[in-house]
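First residue of the sequence shown? That's 65 in this note's numbering, and the numbers climb one at a time after it. Even glycine gets a Cβ: it sits at the ideal position worked out from N, Cα and C. Note that the structure is a prediction, hence the values are computed from the model and not measured.
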Amino acid sequence: MQRILSDQLARHTGGAVRIAGWVHRRRLLKSVAFLIVRDAAGLAQVVVTDPAVRAAVEALPEETVVEVTGTVVGNATAPAGVELTDPTVRPLGAPAVPPPFDLYRPTLTASLPTQLDNAPVALRHPSRSAALRVSAAAVAGFRATLDARRFVEIHTPKVVASSTESGANVFALDWFGRPAYLAQSPQFYKQLMVGVFERVYEVGPVFRAEPHDTVRHLAQYTSLDAELGFVTDHRDVMAVLQDTLAGTLDVVGDRAGAALATLGVELPAVPGQIPAVHFTEALKIAGAPADEPDLAPAHERALGEWARREHGSEFLFVTGYPMAKRPFYTHPDPARPAYSNGFDLLFRGLELVTGGQRLHRYADYLAALAARGESVEPYAGYVDAFRHGMPPYGGFAIGLERLVARLTGAPNIREVTAFPRDLHRLTP
Numbered sequence: 065m066q067r068i069l070s071d072q073l074a075r076h077t078g079g080a081v082r083i084a085g086w087v088h089r090r091r092l093l094k095s096v097a098f099l100i101v102r103d104a105a106g107l108a109q110v111v112v113t114d115p116a117v118r119a120a121v122e123a124l125p126e127e128t129v130v131e132v133t134g135t136v137v138g139n140a141t142a143p144a145g146v147e148l149t150d151p152t153v154r155p156l157g158a159p160a161v162p163p164p165f166d167l168y169r170p171t172l173t174a175s176l177p178t179q180l181d182n183a184p185v186a187l188r189h190p191s192r193s194a195a196l197r198v199s200a201a202a203v204a205g206f207r208a209t210l211d212a213r214r215f216v217e218i219h220t221p222k223v224v225a226s227s228t229e230s231g232a233n234v235f236a237l238d239w240f241g242r243p244a245y246l247a248q249s250p251q252f253y254k255q256l257m258v259g260v261f262e263r264v265y266e267v268g269p270v271f272r273a274e275p276h277d278t279v280r281h282l283a284q285y286t287s288l289d290a291e292l293g294f295v296t297d298h299r300d301v302m303a304v305l306q307d308t309l310a311g312t313l314d315v316v317g318d319r320a321g322a323a324l325a326t327l328g329v330e331l332p333a334v335p336g337q338i339p340a341v342h343f344t345e346a347l348k349i350a351g352a353p354a355d356e357p358d359l360a361p362a363h364e365r366a367l368g369e370w371a372r373r374e375h376g377s378e379f380l381f382v383t384g385y386p387m388a389k390r391p392f393y394t395h396p397d398p399a400r401p402a403y404s405n406g407f408d409l410l411f412r413g414l415e416l417v418t419g420g421q422r423l424h425r426y427a428d429y430l431a432a433l434a435a436r437g438e439s440v441e442p443y444a445g446y447v448d449a450f451r452h453g454m455p456p457y458g459g460f461a462i463g464l465e466r467l468v469a470r471l472t473g474a475p476n477i478r479e480v481t482a483f484p485r486d487l488h489r490l491t492p
């Protein structure tokens, strides 16, 4: 008899089936026992009346892996409206050691550090695994949307020879006796690959050795990067980002609908035109000093509230950040050279995406580096490619974990990360 999953039981009503999974919960009443089995698709209720089977169930702690054969019977109060009766229950391993918290409760009551310390079992809780399903669907949506627009997926090195991409702290390591670093982003490589494919994207890990200890920062996270050639300016990039977000969320709704229901989450609508404000206007809206060089978290929250109030939008573009706060490869605004053709996308009052138009002329790179007092030598392998012809281009990067945390309402980014790496955590 072939094994089926719990969400397939209803179509086998009246028939004999075999399921397998983990003992999620046992309810031992006087005349009957209920065994709840959890598998990848959900929960199945098993009704036990035979004394011998009941004795076997009583000896199976929660999280023990079992196989159950039985007859599918309709019961409106059971998960999916059906249950298994007249079961045979067979352990597929030794009795499990119960985890330090109850996985059958609607919410995990353990503290977040306890959950993270015991991540291999905490992630089995339906709410934790649901968030990871949303994450997986978001990646699938990102890929599908860009594939449909003739982007090519690339894979770039995560160990690099120079720690110069953004000025952020980096993780150093030994590479056969030579110094090397974990990549802070695929930025340089995706720019160079525009010269090959015109439109590229990558899904991969990035590493930031910044000593942040906040609910929104990780030392390693997953970046959804895209870069496209033959743009007029940053507004073409923003348009592609808007379409990408809309397509990504459509796939999340299609593929992770059950997970969203488990979390009690409704997806936000991506407006046909995401509102945009210039950085100078954003400072006024947020009540920040006019000479503020960047937006603080409180400013971002204020802007998020403004976008909801004035535009009914969960999303807001902030354009024209000061050049002094942007990487050297950022293209300046031709009309206001102190400001950039760069942007951030705020989602519910938090920076989610950074992007913009890049420099594409070799001479401009030399001038930009000179203006910052930096040598060309550390960038030679990157800058030299621009001598061989590159189109006007730009791109963006989405933080996957931030996206999922914002979608699900998780107050801490670690709640939607399987095995987070941060200032304090290197295990499990």
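Beta-carbon gap between Ala120 and Val161 smaller than 8 angstroms: Sequence index remark: in the sequence shown, residue 120 carries index 56 (1-based). Sequence index remark: in the sequence shown, residue 161 carries index 97 (1-based). No, the pair does not count as a contact, with Cβ atoms beyond the cut-off.
Backbone secondary structure at Pro401 - three-state DSSP: For the purposes of this step, residue 401 is identified with residue 337 of the sequence shown, where counting begins at 1. DSSP places Pro401 in the strand class (E or B) of the three-state scheme.
7 angstroms CB neighbourhood of Arg67 in its chain, flanking five on each side removed: Residue numbering aside, residue 67 sits at position 3 when the sequence shown is read from its first letter. Only Arg82, Ile83, Ala84 meet the Cβ criterion.
Unbroken alpha helix (DSSP H) run spanning Ile338, endpoints: Position 274 of the sequence shown holds residue 338. Per DSSP, Ile338 belongs to no alpha helix (DSSP H) and is neither H nor E.
Beta-carbon proximity check, Val234 vs Asn476, cutoff 8 angstroms: Translated into the one-based positions of the sequence shown, residue 234 becomes position 170. Translated into the one-based positions of the sequence shown, residue 476 becomes position 412. Going by beta carbons, Val234 and Asn476 fall outside the 8 angstroms limit.
Rounded C-alpha distance that separates Arg390 from Arg75: Mapped onto the sequence shown, residue 390 falls at position 326. Mapped onto the sequence shown, residue 75 falls at position 11. Between Arg390 and Arg75, the C-alpha separation is close to 57 angstroms.
Candidates Thr141, Pro115, Ile462, Val146, of which the one nearest Ala80 by Cα: The residue you call residue 80 lines up with position 16 of the sequence shown. Per the Cα distances, Val146.
Gly493 in three-state terms, based on DSSP: With the chain represented from 65 up to 492, any question about residue 493 goes unanswered, as that position is not in the structure.
DSSP-derived helix/strand/coil call for Ser287: Reading the sequence shown from its first residue, position 223 is the one you call residue 287. Here DSSP, grouped into helix, strand and coil, assigns Ser287 to strand.
Short CB-CB distance (under 8 angstroms) between Arg207 and chain C: Of the chains in the structure shown, none is chain C; there is only one protein chain.
Cβ neighbour criterion (16 or more within 10 Å) applied to Thr286: Walking along the sequence shown from the start, residue 286 turns up at place 222. Counting Cβ neighbours within 10 Å, Thr286 comes out buried, since at least 16 surround it.
Classification of His395 by the beta-carbon crowding that lies within 10 angstroms, buried from 16 upward: Within the sequence shown, numbered from 1, the residue matching residue 395 stands at position 331. His395 should be labelled buried.
Val341 and Leu380 closer than 8 angstroms at C-beta: What you label residue 341 is simply residue 277 of the sequence shown in a count that begins at 1. What you label residue 380 is simply residue 316 of the sequence shown in a count that begins at 1. Yes; because the gap between Cβ atoms is below 8 angstroms, this pair is in contact.
Member of Pro335, Leu487, Gln109 whose CA lies at the smallest distance from the CA of Ala273: Residue 273 sits at position 209 when you count from the first residue of the sequence shown. For Ala273, the nearest C-alpha among the options comes from Leu487.
Limits of the beta strand (DSSP E) - the one that Gly458 falls within: Against the sequence shown, residue 458 aligns to sequence position 394. Annotation: the continuous beta strand (DSSP E) that includes Gly458 extends over 457-463.
Contacts around Leu176, its chain only, beta-carbon distance under 8 angstroms, and the 5 residues preceding and following it disregarded: Residue mapping note: residue 176 aligns to position 112 of the sequence shown, counting from 1. Once the five neighbours on either side are set aside, the close Cβ partners of Leu176 are Asn476, Arg478, Glu479.
CB-CB length for Gly459 against Glu291, believed under 8 angstroms: Within the sequence shown, the letter at position 395 stands for residue 459. Within the sequence shown, the letter at position 227 stands for residue 291. Rounded, the Cβ-Cβ distance is 3 angstroms, consistent with contact.
Exposed unless 16 or more other CB atoms sit within 10 angstroms - verdict on Thr374: Taking the first residue of the sequence shown as position 1, residue 374 is located at position 310. Note that residue 374 is Glu in the sequence shown, not Thr. Within a 10 Å sphere around the beta-carbon of Glu374 sit fewer than 16 other beta-carbons, which makes this residue exposed.
Under the three-state DSSP convention, the category Tyr429 falls into: In the sequence shown, the residue the question calls residue 429 occupies position 365. Tyr429 falls in the helix class under three-state DSSP.
Same chain, Cβ closer than 6 angstroms to Pro455, neighbours up to 5 away in sequence not counted: Here residue 455 refers to the residue found at position 391 of the sequence shown. For Pro455, where only same-chain residues beyond five positions count, the Cβ hits under 6 angstroms are Gly293, Phe294.
Secondary structure of Arg75, DSSP reduced to three states: Residue numbering aside, residue 75 sits at position 11 when the sequence shown is read from its first letter. Helix at Arg75.
Residue nearest to Leu107 in terms of C-alpha spacing, selected from Arg90, Val329, Lys222, Ala399: On the sequence shown, position 43 is the one that residue 107 refers to. For Leu107, the nearest C-alpha among the options comes from Arg90.
Cβ-Cβ distance between Val468 and Val198 below 8 angstroms: Here the question's residue 468 lines up with position 404 in the sequence shown. Here the question's residue 198 lines up with position 134 in the sequence shown. Taking 8 angstroms as the cut-off, the Cβ atoms of Val468 and Val198 count as close.
Minimum length 3: unbroken beta strand (DSSP E) runs contained in the segment 72-160: Within the segment 72-160, the complete beta strand (DSSP E) runs of at least 3 residues are 80-92, 97-103, 106-112, 129-138, 146-155.
Test item: CB-CB of Arg412 and Gly463 under 8 angstroms: Counting from 1 along the sequence shown, the entry for residue 412 is found at position 348. Counting from 1 along the sequence shown, the entry for residue 463 is found at position 399. Against a cut-off of 8 angstroms, the Cβ pair of Gly463 and Arg412 comes out as no contact.
Distance between Gln248 and Glu127 (C-alpha atoms, nearest Å): Against the sequence shown, residue 127 aligns to sequence position 63. Against the sequence shown, residue 248 aligns to sequence position 184. Glu127 and Gln248 have their C-alpha atoms spaced approximately 39 angstroms apart.
Arg207 - DSSP class collapsed to helix/strand/coil: Mapped onto the sequence shown, residue 207 falls at position 143. DSSP places Arg207 in helix when its eight states are reduced to three.
Secondary structure, alpha helix (DSSP H): runs of 4+ residues fully inside the segment 353-430: Scanning the segment 353-430 from its first residue to its last, the whole alpha helix (DSSP H) runs of 4-plus residues come out as 361-375.
Counted within 10 angstroms of its Cβ, other Cβ atoms place Phe240 as buried (16 or more) or exposed: To locate residue 240, count along the sequence shown from 1; it is residue 176. Exposed, since its Cβ has fewer than 16 Cβ neighbours within 10 Å.
Alpha-carbon to alpha-carbon, Ser377 and Pro335: In the sequence shown, counting from the first residue as 1, residue 335 sits at position 271. In the sequence shown, counting from the first residue as 1, residue 377 sits at position 313. The alpha-carbon atoms of Pro335 and Ser377 are separated by roughly 7 angstroms.
Buried or exposed (CB count within 10 angstroms, at least 16 for buried), Met65: For the purposes of this step, residue 65 is identified with residue 1 of the sequence shown, where counting begins at 1. Its Cβ having fewer than 16 others within 10 Å, Met65 is exposed.
Near the ligand ATP: Thr481 beta-carbon under 7 angstroms from a heavy atom: Only the bare structure without any ligand can be found here, which leaves the ligand ATP out of the picture.
Cutoff 8 angstroms; reference Thr326; Cβ partners in own chain excluding five residues on either side: As a first step, residue 326 must be located in the sequence shown, where it is residue number 262. If we look at Thr326 and ignore the five residues flanking it on each side, its Cβ neighbours are Pro190, Ser191, Ala194.
DSSP bridge partner residues for Phe271 (one or two, in chain order): Numbered from 1 along the sequence shown, position 207 holds the residue referred to as residue 271. Note: Phe271 sits in a beta bridge opposite Gln284.
C-beta contact flag for Pro357 and Ala388 at 8 angstroms: As a position in the sequence shown, residue 357 is number 293, starting the count at 1. As a position in the sequence shown, residue 388 is number 324, starting the count at 1. Yes, Cβ-Cβ distance for Pro357 and Ala388 is below 8 angstroms.
Where the alpha helix (DSSP H) through Arg299 begins and ends: If you number the sequence shown from 1, residue 299 lands on position 235. From DSSP, the alpha helix (DSSP H) with Arg299 extends over 298-319.
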